[in-house]
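Just so we're aligned, residue 54 is where the sequence shown starts under our numbering, counting upward by one.
Positions of the beta carbon are idealized from the N, C-alpha and C atoms, including for glycine.
Here the structure comes first, spelled out in structure tokens, and everything after it is commentary.
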Amino acid sequence: MDFEELSKNYMEKYNELTVKRDNSDIKKTVEDINIAIKGSNMERVNADYATILDWNYYVANIEGIRAALNGQFPYLRLPSADMFSVAFDGSDKKWKFKGEIH
Numbered sequence: 054m055d056f057e058e059l060s061k062n063y064m065e066k067y068n069e070l071t072v073k074r075d076n077s078d079i080k081k082t083v084e085d086i087n088i089a090i091k092g093s094n095m096e097r098v099n100a101d102y103a104t105i106l107d108w109n110y111y112v113a114n115i116e117g118i119r120a121a122l123n124g125q126f127p128y129l130r131l132p133s134a135d136m137f138s139v140a141f142d143g144s145d146k147k148w149k150f151k152g153e154i155h
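Structure (structure tokens):
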């Protein structure tokens with residue numbers, strides 16, 4: 054495969070990720086974990102955290118493809134999937150998508 058085909062395949066995965074973020078329950082899960090933490094509902098926190106781990110694993114696989122492509126073809130300038138992963142924002146003390154953390 055040439056770099057154009059590899060780049061196209063990555064962008065398809067990246068676009069699937071954006072659609073999946075918008076059409077799955079991950080946004081609600083991020084909201085729910087913050088509510089559960091405030092309410093000290095540890096059962097809900099644990100369930101939401103497990104969902105976030107699964108989501109982040111999915112995002113990391115796509116980001117890994119990007120890292121491999123950038124290592125071989127640094128001129129491609131592919132967008133990072135990492136902004137779609139979920140992390141704890143220490144300054145706001147809540148879970149957010151990395152793209153929302155400032």
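*asked:* How far does the alpha helix (DSSP H) with PHE56 in it extend, from its first residue to its last?
replied: Membership of PHE56 in the alpha helix (DSSP H) is indicated by the continuous run 56 to 76.
*For ILE105, count neighbouring Cβ atoms within 10 angstroms of its own Cβ and tell me buried if that reaches 16, exposed if not.*
Buried, since its Cβ has 16 or more Cβ neighbours within 10 Å.
*Just mark SER93 as buried or exposed, buried being the case when its beta carbon has 16 or more other beta carbons within 10 Å.*
Exposed, because fewer than 16 other Cβ atoms sit within 10 Å of the Cβ of SER93.
*To the nearest whole angstrom, what separates the beta carbons of PHE137 and LEU70, a pair I think is in contact under 8 Å?*
Between LEU70 and PHE137 the Cβ distance is about 6 Å, and since that is below 8 Å, they are a contact.
*Which ranges does the beta strand (DSSP E) cover as unbroken runs of at least 3 residues, wholly within the stretch 117 to 152, from first to last along the chain?*
The DSSP assignment places 139 to 142, 147 to 150 as complete runs of the beta strand (DSSP E) inside the stretch 117 to 152, in order along the chain (cut-off: 3 residues).
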